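Below is one structure, written out as structure tokens, with a few remarks after it.
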Ligand code: 5CA
Ligand code: ZN
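Right, dumping it as structure tokens:
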């Protein structure tokens with residue numbers, strides 16, 4: 032697939048200036064769902080990262096933000112280690128949830144998608160998330176997605192379901208002989224999650240309930256794209272497989288998203304990619320962020336229990352405080368958003384700013400080392416933030432004589448945590 036031409040990607044958001052720090056930290060270790068362990072990442076000069084993007088049918092909530100902030104830290108740590116990070120993110124700008132929401136609100140699905148994607152970009156920019164190099168919508172990637180489906184069909188990894196009216200194309204999950212390696216779930220759990228998360232285990236005419244949709248033949252009134260497969264639209268997982276393969280190649284360093292993507296999305300995406308390339312594993316790490324909840328439930332568009340980044344911004348909340356609040360918990364732990372969390376973050380940020388505004392402070396080399404060490408340890412942000420608290424406390428209570436320290440602390444927080452004092 033490499034070398035397939037694709038038209039211009041969407042415009043991502045504004046670039047972020049990242050200060051360079053002297054010295055170097057330890058190699059980044061990250062949790063990998065496929066092995067269930069925290070393992071060293073080992074990218075080459077170029078680090079290849081694919082993080083699943085939004086389905087733009089509603090505004091960015093704090094759960095999305097937390098997930099993108101976690102991978103922003105991966106980006107920052109790898110850059111700090113001297114890697115050139117090739118970061119790709121998609122936008123699922125055509126899929127059932129988008130069509131359902133547009134129908135519910137009598138909105139145009141294209142307009143809805145464009146509006147929410149624009150808002151997402153603004154939110155990411157406000158949070159100073161380093162933008163991806165390629166930001167790609169499913170719609171603009173349609174030709175390459177259809178091409179991948181055609182090749183999977185030709186190789187026998189995919190088949191048409193036994194339905195003369197709608198002979199949709201499905202992936203044969205038994206193709207690689209490894210289905211399940213990424214998420215490590217038993218079949219009953221896979222079946223349950225497949226049904227809960229956009230799959231169609233009961234579709235008649237499939238060979239196996241866990242076979243995933245690759246190409247849905249056009250139904251009356253649904254958007255459709257012409258292709259050699261016949262008019263239709265793609266399934267969800269193959270969208271990410273095609274976009275990642277064509278821009279990053281057959282072997283990437285990290286495939287990331289929230290924990291609700293571990294199955295079936297990343298399992299199926301990896302299986303599609305591996306069936307096509309014959310190479311295993313598709314990703315060195317499959318890394319998943321925990322779920323942010325509100326009032327005891329996962330924050331989700333379908334539940335409607337949302338706190339929007341854009342709403343907080345409109346209320347005048349400093350995006351740096353949102354960052355600190357979300358990074359106060361470990362990225363892998365499911366955690367609740369509360370008003371207290373934001374208050375604490377604001378107070379913390381104010382104290383850090385006060386300390387960093389002093390003409391001199393305690394030497395900060397040790398703080399830089401601690402930040403690097405904690406982040407390299409599976410993004411241990413609670414400890415990284417505690418190290419900043421300790422430096423700020425010493426600066427404010429005992430003062431210090433190092434005139435370069437406040438500037439170094441500002442640069443280190445900016446570069447490694449994306450927090451601007
Ligand atoms: N477009 C697909 C991925 S290809 C998608 O899942 N879109 S999404 O808009 O539903 O989610 C975007 C990202 O936010 C995903 O990585 C998802 O796992 C993550 N996410 C969604 N809800 C939460 C939450 N409550 N807490 C943390 N992350 C979340
Ligand atoms: Zn995806």
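Numbering (the numbering used here), first residue to last: 32 to 452. Glycine included, C-beta positions come from ideal geometry on N, C-alpha and C. Source: prediction; values computed, not measured.
Straight-line CA distance for residue 104 to residue 127?
Per the coordinates, the alpha-carbon of residue 104 lies some 31 Å from the alpha-carbon of residue 127.
Between the Cα of residue 156 and the Cα atoms of 343, 317, 253, 47, which residue gives the shortest distance?
The residue with the shortest Cα to Cα distance from residue 156 is 47.
Tell me, which residues are paired with residue 283 by DSSP?
314.
Around ligand 2, Cβ to any heavy atom closer than 5 Å, ordered along the chain
My final list is 83, 271.
Flag this pair as touching only if the segment 237-246 and the segment 40-60 have three or more C-beta atom pairs under 8 Å; answer yes or no.
By the C-beta criterion, the segment 237-246 is judged not to be in contact with the segment 40-60, since fewer than 3 inter-stretch pairs fall below 8 Å.
Three-pair Cβ contact test at 8 Å for the segment 110-127 versus the segment 166-174
Pairwise C-beta distances place the segment 110-127 in contact with the segment 166-174, as three or more of them are shorter than 8 Å.
Based on the DSSP output, what are the partners of residue 165 in its beta bridges?
Note: residue 165 is bridge-paired with 119 in the DSSP secondary-structure output.
Please confirm if the segment 340-359 is in contact with the segment 77-97, defined as three or more CB-CB distances below 8 Å between the two stretches.
Yes, the segment 340-359 is in contact with the segment 77-97.
In three-state terms, what does DSSP make of residue 330?
Here residue 330 sits in coil by DSSP.
Can you tell me where the beta strand (DSSP E) holding residue 256 begins and where it ends?
Unbroken run through residue 256: none, as it is neither H nor E.
Where the alpha helix (DSSP H) containing residue 434 begins and where it ends
From DSSP, residue 434 is part of no alpha helix (DSSP H); its letter is neither H nor E.
Locate the beta strand (DSSP E) running through residue 77, then write down its first and last residues.
Its beta strand (DSSP E) spans residues 77-82.
DSSP state of residue 195 mapped onto helix, strand, coil
Taken through DSSP and simplified to helix, strand or coil, residue 195 comes out as coil.
Using the Cα positions of residue 258 and residue 290, report the straight-line distance between them to the nearest angstrom.
The straight-line gap from Cα to Cα measures roughly 33 Å.
Given a threshold of 16 other Cβ atoms within 10 Å of its Cβ, counted over all protein chains shown, does residue 440 qualify as buried or as exposed?
A buried status is given to residue 440, since no fewer than 16 other beta-carbon atoms sit within 10 Å of its beta-carbon.
Own chain residues within Cβ distance below 6 Å of residue 55, not counting five before or after:
Result list for residue 55: empty, nothing under 6 Å.
So for residue 114, helix, strand or coil by DSSP?
Of the three classes helix, strand and coil, the one that applies to residue 114 here is coil, per DSSP.
Might you give, ordered along the chain, the residues of its own chain that have their beta carbon closer than 7 Å to the beta carbon of residue 423, omitting 5 neighbours on each side?
Closer than 7 Å at Cβ, skipping near neighbours: 382, 383, 386.
I'd like to confirm something about residue 404: is its beta-carbon nearer than 7 Å to some heavy atom of ligand 1, or not?
No, the beta carbon of residue 404 sits no closer than 7 Å to any heavy atom of ligand 1.
When you measure from the CB of residue 133 to every non-hydrogen atom of ligand 1, does any distance come out below 7 Å?
Taking 7 Å as the cut-off, one finds no heavy atom of ligand 1 near enough to the beta carbon of residue 133.
Inter-residue CB distance, residue 380 and residue 348 (contact presumed, cutoff 8 Å):
With 8 Å as the limit, residue 380 and residue 348 do not qualify as a contact, their Cβ atoms being about 11 Å apart.
Hey, residue 298 and residue 213 are a contact pair by Cβ (cut 8 Å); roughly how many whole angstroms apart?
Rounded, the Cβ-Cβ distance is 5 Å, consistent with contact.
Does the segment 93-101 come close enough to the segment 58-70 that 3 or more CB-CB pairs lie under 8 Å?
Two segments are said to touch when three or more pairs of C-beta atoms, one from each, lie closer than 8 Å; by this definition the segment 58-70 does not touch the segment 93-101.
Here's the rule: buried if 16 or more other CB atoms are within 10 angstroms of the residue's CB, otherwise exposed. What is residue 180?
Only buried fits residue 180, as 16 or more other CB atoms lie within 10 angstroms of its CB.
To which residues of the same chain is residue 36 closer than 8 Å at the C-beta, ignoring the five residues directly before and after it?
Note on residue 36: pLDDT 46, under 50, position unreliable in the model; the coordinate value appears next. Nothing listed; no residue qualifies.
Are residue 231 and residue 222 touching if we call contact CB-CB under 8 Å?
With respect to residue 222, residue 231 sits apart: the two C-beta atoms are not nearer than 8 Å.
What residue range is occupied by the uninterrupted beta strand (DSSP E) comprising residue 202?
Looking at the DSSP string, the run of the beta strand (DSSP E) that includes residue 202 is 200-202.
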